[in-house]
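Scroll down for the structure; my scribbles are underneath it.
There are 2 protein chains.
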Amino acid sequence: MDLRKLRYFLTVADEKNLGRAAALLHISQPPLTRQIHQLEDELGVQLFNRTPKGMELTEAGYLLAKESRNIFALVQQASEKTQRASQGRLGRLDVAVFGSGVLDTIPRLLLKFKSDYPEVKVVLHTMEKEEQIQALRQHRISLGFNRMLKPLPDITSELVNRESLLLAVNANSPLATQPVIKFKELANHPMVLFASSGRPNFVDKVMSLCYSAGFTPEITQEVGDVVTGVALVASGFGVCLVSKSGSTLSLPGVVYREIEDMPKDATIDLSCVYRTGDNSKLLASFLSCLQEFKELNADTNTTTP
Amino acid sequence: MDLRKLRYFLTVADEKNLGRAAALLHISQPPLTRQIHQLEDELGVQLFNRTPKGMELTEAGYLLAKESRNIFALVQQASEKTQRASQGRLGRLDVAVFGSGVLDTIPRLLLKFKSDYPEVKVVLHTMEKEEQIQALRQHRISLGFNRMLKPLPDITSELVNRESLLLAVNANSPLATQPVIKFKELANHPMVLFASSGRPNFVDKVMSLCYSAGFTPEITQEVGDVVTGVALVASGFGVCLVSKSGSTLSLPGVVYREIEDMPKDATIDLSCVYRTGDNSKLLASFLSCLQEFKELNADTNTTTP
DNA sequence: GACAGGTCATTCAAAAAAGGTATCAACCGA
DNA sequence: TCGGTTGATACCTTTTTTGAATGACCTGTC
């Protein structure tokens, strides 16, 4: 039972006449007769009652006609879906996220992607840096978002955006009312730091900034993610340096302040990573969307130089 | 894109190797190579990445593989369903019912049919006698249940069962307390009669019974169906002759009584009707079920001679 | 009641499609 | 570098499908 026979069958079922059906199918009548007979023999079922007026569906034939239409709809769909998939417009993209990127940039990027490629299902996984690399290598994910990545030959990384750092301060702290905060003042305040596994990480970055400024920070607590860090600030554990994205987190008792003389290199990059040479069309779609996203954000940034 | 190509494609997708797939398909490798290429050309989509290790599905190929499995499942199902339909075990049977038959006999019969042929969907339509004949001729229904049918050449009728008549009496009537009721006594009591359209009908039957017994009944009201008739008995309109099936209707204030000297021919037949020469397998299934049903009921009847 | 005009079924040769054998080119690991 | 693997290609054979002509049957008409 192949699709040709079914198509022939459906045409005869519609026309109720072998001659007309054959004409519609651009074949002559005898082969059509034979194909119908073959289909009947194969199923062991009489599909038509032959009358002097033409071909009349039996109950079984009627059912098969109905089922056949479903089959053709599915085949048509399969063909179209396959074509869309080949263009990177349909499918599933497994993406790993972690850290403060999920608070602002990544949601906006994903929103744009969903609107540009509505038929691509994005599945998010929360994974730390090292885990992401491993998952990429095992093809469990196609894309990861993270910060502070060291270069690797089999993993390509692309900058998503670069953010300056802000200081999360407890509202009761004198720093909260102070008009201007200087970087060196942090030496006098206990500090909360968050850092995911894997070097280099955010702790390394902050420590080196402080050393450059000539002091050693007093670390009261190290935590695993921004949210916990800011929560500790709210509880009075101390101050905490966070990315601009991180400052979208608003907790009672926490305010964010700029530091006046923040070093120019005191920025933190959000990057995305993927397998070097991955020629997945879905990934290509995503990266092209990311490119547009960056250009869009560059435009809005230039308005505030 | 026919099913052979899809089957070949799926095998290659599973094996990830043309040689092994060809062996499984009992063909040699070169034609398989060609079929896969043809499928790719037809869709305009690369389905595999050829590597020195074998054939690796692309994203589009992966999707097509998934869809193909659905297609094969549907094809398999269509084939099986068609075969069951050809044996009269699957499909839809439109059945018309009317009158007191629906109160007892027909539900029991349908229950048996549903249990014998669970995949046949029985659709019930309420139609009077004449309407049923018309609907049969227009192929809107395949079967009708009715009483008192006159023979027709294009409609075959088959007896379902034969029931005696009972008298529905208002509980306050003297007849209700009387130990024995004689048929002639009906002359002294007003009577409710129900009759569907089309001759001969139940009214004709009762009238002729009364004339034979030597009296003319006093008809207080004619109604269209049993339920209404018995309801009027409950309201004190008079007595009403009903079939035994009809007496399963219990309304407050109504009791059913036998008539001692009921004439032997005072019975009423429930028949089913269908198009003469209808060779529908579903109908055949139903009629064979009906036959068994009648034998079953005959058995239970013989226990009370 | 013969006949014209429809229906589907059958026959046989031609065309098209699928399959098979032998061979090639590329890659990989020993 | 050299077997052993992979998929691709060329050429021929077999099978399947098709087409033109024709047959068999029914129906409504004259």
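Read top to bottom, the protein sequences are chains Z and X.
Just so you know, the first sequence maps onto residues 28 to 332 in my numbering.
Just so you know, the second sequence maps onto residues 28 to 332 in my numbering.
All residues carry an ideal CB built from backbone N, CA and C; glycine is no exception.
| Item | Value |
| --- | --- |
| Interface flag, P332 (chain X) vs chain Z, CB-CB below 9 Å | Because P332 (chain X) carries a pLDDT of 34, less than 50, the predicted location of this residue cannot be relied on, and no value is offered for it. |
| Own chain, CB closer than 7 Å to G81 (chain X), minus 5 neighbours either side, in chain order | K43, N44 |
| D29 (chain Z): contacting residues in chain X (beta-carbon distance under 7 Å) | D29, L30, R31 |
| DSSP-derived helix/strand/coil call for M175 (chain Z) | coil |
| Where A100 (chain X) falls, given that 16 or more other Cβ within 10 Å makes a residue buried | exposed |
| Three CB pairs or more closer than 8 Å across the region 301–316 of chain Z and the region 163–177 of chain Z | yes |
| Against chain X: residues of the region 186–220 of chain Z by CB proximity under 7 Å | none |
| Chain X within 9 Å of Q73 (chain Z), Cβ atoms only | yes |
| DSSP beta-bridge partners of L186 (chain X) | X:S298 |
| Cβ-based neighbour list, L151 (chain X), same chain, cut-off 7 Å, excluding 5 preceding and 5 following | V122, V124 |
| Which of helix, strand or coil DSSP assigns to I286 (chain Z) | coil |
| Nearest to G118 (chain X) (by Cα), restricted to the options X:F140, X:N199, X:R135 | X:F140 |
| From X:F242, X:S142, X:G263, X:D68, residue whose alpha carbon lies closest to that of S200 (chain X) | X:G263 |
| 7 Å Cβ cut-off: residues of chain X touching A127 (chain Z) | It should be pointed out that residue 127 (chain Z) corresponds to Ser in this sequence rather than to Ala. Residues of chain X passing the Cβ test: none, with the nearest at roughly 31 Å. |
| Where the beta strand (DSSP E) through G81 (chain Z) begins and ends | 81–84 |
| Distance between T78 (chain X) and F23 (chain Z) (C-alpha atoms, nearest Å) | Given a span of 28 to 332 for chain Z in the structure shown, any question on residue 23 (chain Z) remains unanswerable. |
| Neighbour flag for G273 (chain X) against chain Z, beta carbons, 9 Å | no |
| Buried versus exposed, by CB contacts within 10 Å (16 or more), N215 (chain X) | exposed |
| Residues that L309 (chain X) contacts on chain Z, provided the C-beta gap is smaller than 8 Å | E86 |
| Residues of its chain near T38 (chain Z), where Cβ-Cβ distance is below 7 Å and the 5 sequence neighbours each way are ignored | A48, L51, L52 |
| 9 Å Cβ cut-off: residues of chain Z touching L163 (chain X) | Simply none; closest approach about 16 Å. |
| 9 Å Cβ cut-off: residues of chain Z touching T3 (chain X) | No answer is possible for residue 3 (chain X): the residues shown for chain X start at 28 and end at 332. |
| Terminal residues of the beta strand (DSSP E) in which Q248 (chain X) lies | 245–250 |
| Where the alpha helix (DSSP H) containing T204 (chain X) begins and where it ends | 201–204 |
| Short Cβ contact (9 Å threshold) for I295 (chain Z) with K232 (chain Z) | yes |
| Separation of L176 (chain X) from V269 (chain X), as counted between CA atoms | 18 Å |
| Boundaries (first-last residue) of the alpha helix (DSSP H) holding D68 (chain X) | 56–70 |
| 9 Å Cβ cutoff met for F320 (chain X) and L120 (chain X) | no |
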